Amino acid sequence: MQVSGYLCALIACSGLTLSVSTGNQTGLESGNTAPPLLLVSFDGFRADYLNKYSFPNLEKFFSDGVLVRELTNVFTTKTFPNHYSLVTGLYAESHGILASVMYDPVSKKNFSIQNDSDPFWWNEATPIWVSVEESGYKAAAAMWPGTDVNIQNHTLKYKFEYNPKVTFQERLGNLTQWMTTDKSVKFAALYWEEPDRSGHMYGPENTTEMSRVLKEVDGHIGFLMEQLNKTGLWGKINVIITSDHGMAQCSQERLIKLDDCITPSSYRVVDLTPVAAIIPLEGSSTVYKNLSICHSNMKVYLKDDVPDRLHYKNNVRIQPILLVADEGWTIVKNGRLPRLGDHGYDSTFPSMHPFLAAHGPAFRKGYRMSSFNSVDLYPLMCHLVGVPPKPNNGSFAHVRCVLVNEQCGELALAVGLVIGVLIILTTFTCLFKLMKNRDPSSSRPFARLELEDDADDEPLLE
Ligand SMILES: [Zn+2]
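Numbering (mature numbering (1 follows the signal peptide of the UniProt record, and there is no 0)) for the sequence shown: -19 to -1, 1 to 443.
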């Protein structure tokens, strides 16, 4: 009792508070005063590019904001599944965009990145821009996967049809114009194809080419800060720069040829590498058996046996057999290596992880975090724009420390102080008791034992 009273007094005197949230985004009921959020993705920006290359503009961006060095993304570590996870907070099996190429055995429909506009594929989840518009605000987008699709009967007014030829400057220029002329725009998303394209073409270990493209990407970040400054948005809106996945180096020496293992006519490939979705056409058990012993650098799963940690089982669009190549290995039916860099591998590989940086009034300044899960970004963004999150696989608690109003530092300090004081008090109590017990006048039995000990050991041994 005395100890707890002492601790309470200490915390009260130090002026610290254990309150965990004093956020100012209070939701629409009480008037949503949250500033707009701009979400930017540079496709295929592997987390450790930050350590290997120079990014003067990006560093300027997060020096006054937040840097999360690594995001643990979702399986498969492909562009479409991960971009949809970022804006829904769901694993791929829950949002339904499982790969870049899909087949739905019930409807018999096919999906590819060139044929992606059927709402059927996207309607299993509600992306944040739909929630924003359902809340009475507007959203704007430039090429972010899914934003040009009519999802759950919402078509964005402020959007581009996908066209890779539209420059970064034009994409951003339109977004900032929409955000400045229409004050009801609460959320904007921008997608850029690099450094993914160069990573595929040259491989992430080609330092000459990667240095060139990453300098270009950093230039775009410089332009972004300039443009936000020019339009009066810099420092007023919240900005998140992130990516969907990393990139691994591939090689002609690391090829797995399926036709060497099974009869070509006995299977259909829906998606190929590095995660192959296979439909057996004849003798399913033979197909599975032959694939299982095909190559030591390829894991083979029946759909029901896919490890739970991958969250890649519970969806009708996942095919009966799943092949997962080891990092840097490529699965082909036959033939040569299709590209020098690839992604899609197990989401536990650091090479598959992207990073995240943030700047704006809601974020701490100069705050660093080693990692969080990419699905945690969705509840954070909902909090930032003040819309209620839909059920998701993320956790706001994991990421709230990036926010200036969350007082995580003070809480950690208070907890540290409490633990420190407890250790000191316990140590002093023990020492005090020990000293007391050593006082001969206060402990007669101990004194007597000492005397007997000195006189003769024999009786004690018996
Ligand atoms: Zn890619």
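Note that the Cβ used here is the ideal one computed from N, Cα and C, for glycine as well. Values in this document were obtained by computation on a predicted structure and should not be read as measured data.
Q) How would you call residue 228, buried or exposed, if buried means at least 16 neighbouring beta carbons within 10 angstroms? A) Stepping through the sequence shown from its first residue, residue 228 is reached at position 247. When all chains shown are included, residue 228 counts as buried.
Q | Backbone secondary structure at residue 201 - three-state DSSP | A | Start at 1 with the first residue of the sequence shown, and residue 201 comes out as number 220. In this structure, residue 201 counts as helix in the three-state DSSP scheme.
Q | Pairwise C-alpha distance: residue 188 and residue 209 | A | Here residue 209 is taken as the residue at index 228 of the sequence shown, counted from 1. Here residue 188 is taken as the residue at index 207 of the sequence shown, counted from 1. For residue 209 and residue 188, the distance between alpha carbons rounds to 31 Å.
Q.
Which runs of the beta strand (DSSP E) at least 3 residues long sit entirely within the stretch 4 to 87? Give them in chain order.
A. Taking only runs of at least 3 residues, the beta strand (DSSP E) segments lying wholly in the stretch 4 to 87 are 18 to 23, 47 to 53, 83 to 85.
Q. Between the stretch 295 to 306 and the stretch 329 to 339, do three or more beta carbon pairs fall short of 8 Å?
A. no
Q.
If you measure between the beta carbons of residue 313 and residue 254, is that distance less than 8 Å?
A. On the sequence shown, residue 313 is found 332 positions in, with the first residue counted as 1. On the sequence shown, residue 254 is found 273 positions in, with the first residue counted as 1. Cβ distance < 8 Å, so residue 313 and residue 254 count as in contact.
**Q.** Terminal residues of the alpha helix (DSSP H) in which residue 270 lies
**A.** Counting from 1 along the sequence shown, the entry for residue 270 is found at position 289. Where residue 270 is concerned, the enclosing alpha helix (DSSP H) stretches over 265 to 273.
Q. If residue 172 and residue 126 are in contact, beta carbons under 8 Å, what's the gap, nearest whole angstrom?
A. Within the sequence shown, residue 172 is the residue found at index 191, counting from 1. Within the sequence shown, residue 126 is the residue found at index 145, counting from 1. In this structure residue 172 touches residue 126 by the C-beta definition: roughly 7 Å separates them, less than 8 Å.
Q: Locate the beta strand (DSSP E) running through residue 248, then write down its first and last residues.
A: For the purposes of this step, residue 248 is taken as the residue at position 267 of the sequence shown. Note, residue 248: beta strand (DSSP E), 248 to 252.
**Q.** As assigned by DSSP and simplified to three states, the class of residue 262
**A.** Position 281 of the sequence shown, counted from the first residue, corresponds to residue 262. Here residue 262 sits in coil by DSSP.
Q) Among the residues of its own chain, which have a CB less than 7 Å from the CB of residue 355, if the five just before and after it don't count? A) Along the sequence shown, read from residue 1 onward, the residue named residue 355 stands at position 374. Excluding sequence neighbours, residue 355 sits near 52, 53, 54, 55, 63, 66, 67.
Q: Measure the CB-CB distance between residue 50 and residue 266 and report whether it falls below 8 Å.
A: The residue you call residue 50 lines up with position 69 of the sequence shown. The residue you call residue 266 lines up with position 285 of the sequence shown. No, these two residues do not count as a Cβ contact at 8 Å.
Q: Tell me whether residue 101 is buried or exposed, calling it buried when 16 or more other Cβ atoms sit within 10 Å of its Cβ.
A: Position 120 of the sequence shown, counted from the start, is the residue given in the question as residue 101. By the C-beta density criterion, residue 101 is exposed, having fewer than 16 other C-beta atoms within 10 angstroms.
(Q) Using 8 Å as the cut-off, can you tell me whether the stretch 335 to 345 makes contact with the stretch 279 to 296, which would need three or more C-beta pairs spanning the two stretches below that distance? (A) no
Q | Span of the beta strand (DSSP E), counted from its first residue to its last, around residue 221 | A | Here residue 221 refers to the residue found at position 240 when the sequence shown is read from its first residue. Start and end: 219 to 223.
Q: Quick one: measure Cβ to Cβ for residue 156 and residue 303, integer angstroms, because I've assumed they're closer than 8 Å.
A: The count along the sequence shown starts at 1 and reaches residue 156 at position 175. The count along the sequence shown starts at 1 and reaches residue 303 at position 322. At roughly 38 Å, the Cβ-Cβ gap does not stay under 8 Å, so residue 156 and residue 303 are not in contact.
Q | N-terminal and C-terminal residue of the beta strand (DSSP E) that residue 237 is part of | A | On the sequence shown, residue 237 is found 256 positions in, with the first residue counted as 1. Looking at the DSSP string, the run of the beta strand (DSSP E) that includes residue 237 is 236 to 238.
Q.
Under 8 Å: do the stretch 255 to 274 and the stretch 182 to 202 share three or more Cβ pairs, one atom per stretch?
A. By the C-beta criterion, the stretch 255 to 274 is judged not to be in contact with the stretch 182 to 202, since fewer than 3 inter-stretch pairs fall below 8 Å.
Q: Note down, in chain order, each residue of its chain lying with its Cβ closer than 7 Å to the Cβ of residue 76, except the 5 sequence neighbours on either side.
A: Indexing the sequence shown from 1 puts residue 76 at position 95. Once the five neighbours on either side are set aside, the close Cβ partners of residue 76 are 65, 66, 69, 105, 106.
Q: Would you identify the three-state DSSP class for residue 208, choosing helix, strand or coil?
A: Residue mapping note: residue 208 aligns to position 227 of the sequence shown, counting from 1. Residue 208 falls in the helix class under three-state DSSP.
Q. Near residue 131, what residues of its chain come up, given a Cβ to Cβ distance below 7 Å and the 5 sequence neighbours on each side ignored?
A. For the purposes of this step, residue 131 is identified with residue 150 of the sequence shown, where counting begins at 1. Correct list, in chain order: 100.
Q: Under 6 Å Cβ to Cβ from residue 220, same chain only, skipping five residues before and after it: list those, please.
A: Position 239 of the sequence shown, counting from 1, holds the residue named residue 220. 19, 340, 341.
Q: Might you give, ordered along the chain, the residues of its own chain that have their beta carbon closer than 6 Å to the beta carbon of residue 159, omitting 5 neighbours on each side?
A: The residue labelled residue 159 in the question sits at position 178 within the sequence shown. Same-chain partners within the cutoff: 121, 139, 166.
Q: With a threshold of 7 Å, establish whether the CB of residue 24 neighbours any heavy atom of ligand 1.
A: Along the sequence shown, read from residue 1 onward, the residue named residue 24 stands at position 43. Distances taken from the Cβ of residue 24 to the heavy atoms of ligand 1 include one shorter than 7 Å.
Q. Between the C-alpha atoms of residue 33 and residue 357, what's the straight-line distance to the nearest angstrom?
A. Looking up residue 33 in the sequence shown gives position 52. Looking up residue 357 in the sequence shown gives position 376. Whole-angstrom Cα-Cα distance: 27 Å.
Q.
Residues in the same chain with beta-carbon distance under 7 Å from residue 422, minus the five sequence neighbours each way, listed in chain order, please.
A. Numbered from 1 along the sequence shown, position 441 holds the residue referred to as residue 422. Any reading at residue 422 must be qualified, since the residue scores a pLDDT of 47, below 50, and its modelled position is unreliable; the value itself is stated next. Nothing meets the Cβ criterion.
Q: Closer than 7 Å by C-beta to residue 111: which residues in its own chain qualify, once you throw out the five before and the five after it? Chain order, please.
A: Numbered from 1 along the sequence shown, position 130 holds the residue referred to as residue 111. Excluding positions up to five away in sequence, the list reads 132, 133, 135.
Q) So is the beta-carbon of residue 177 under 7 Å away from any non-hydrogen atom of ligand 1? A) In the sequence shown, counting from the first residue as 1, residue 177 sits at position 196. Under cutoff, so the answer is yes.
Q. Based on the DSSP output, what are the partners of residue 349 in its beta bridges?
A. Start at 1 with the first residue of the sequence shown, and residue 349 comes out as number 368. 48.
Q. Would you say residue 64 touches ligand 1, meaning its beta carbon is less than 7 Å from a heavy atom?
A. As a position in the sequence shown, residue 64 is number 83, starting the count at 1. The answer is no for residue 64.
Q: Out of 236, 272, 233, state which residue places its alpha-carbon closest to the alpha-carbon of residue 248.
A: As a first step, residue 248 is located in the sequence shown; it is residue number 267 there, counting from the start. If we check each option's Cα against that of residue 248, 272 comes out closest.
Q: Give a yes or no on whether the C-beta atoms belonging to residue 128 and residue 80 are separated by under 8 Å.
A: On the sequence shown, position 147 is the one that residue 128 refers to. On the sequence shown, position 99 is the one that residue 80 refers to. Not in contact: residue 128 and residue 80 (Cβ atoms no closer than 8 Å).
Q: Taking residue 313 as part of the alpha helix (DSSP H), name the residues at either end of that continuous run.
A: Along the sequence shown, one-based indexing puts residue 313 at 332. Counting along the chain, residue 313 falls outside any alpha helix (DSSP H), though it belongs to the beta strand (DSSP E) covering 311 to 313.
Q | residue 349 versus 15, 78, 48, residue with shortest Cα-Cα distance | A | Reading the sequence shown from its first residue, position 368 is the one you call residue 349. Nearest option by C-alpha distance: 48.
Q) Does DSSP put residue 380 in a helix, a strand or coil? A) In the sequence shown, counting from the first residue as 1, residue 380 sits at position 399. Looking at residue 380 - three-state DSSP - the assignment turns out to be helix.
Q | When 321, 364, 377 are compared against residue 191, the one with the closest alpha-carbon | A | To locate residue 191, count along the sequence shown from 1; it is residue 210. Among 321, 364, 377, the Cα nearest to that of residue 191 belongs to 321.
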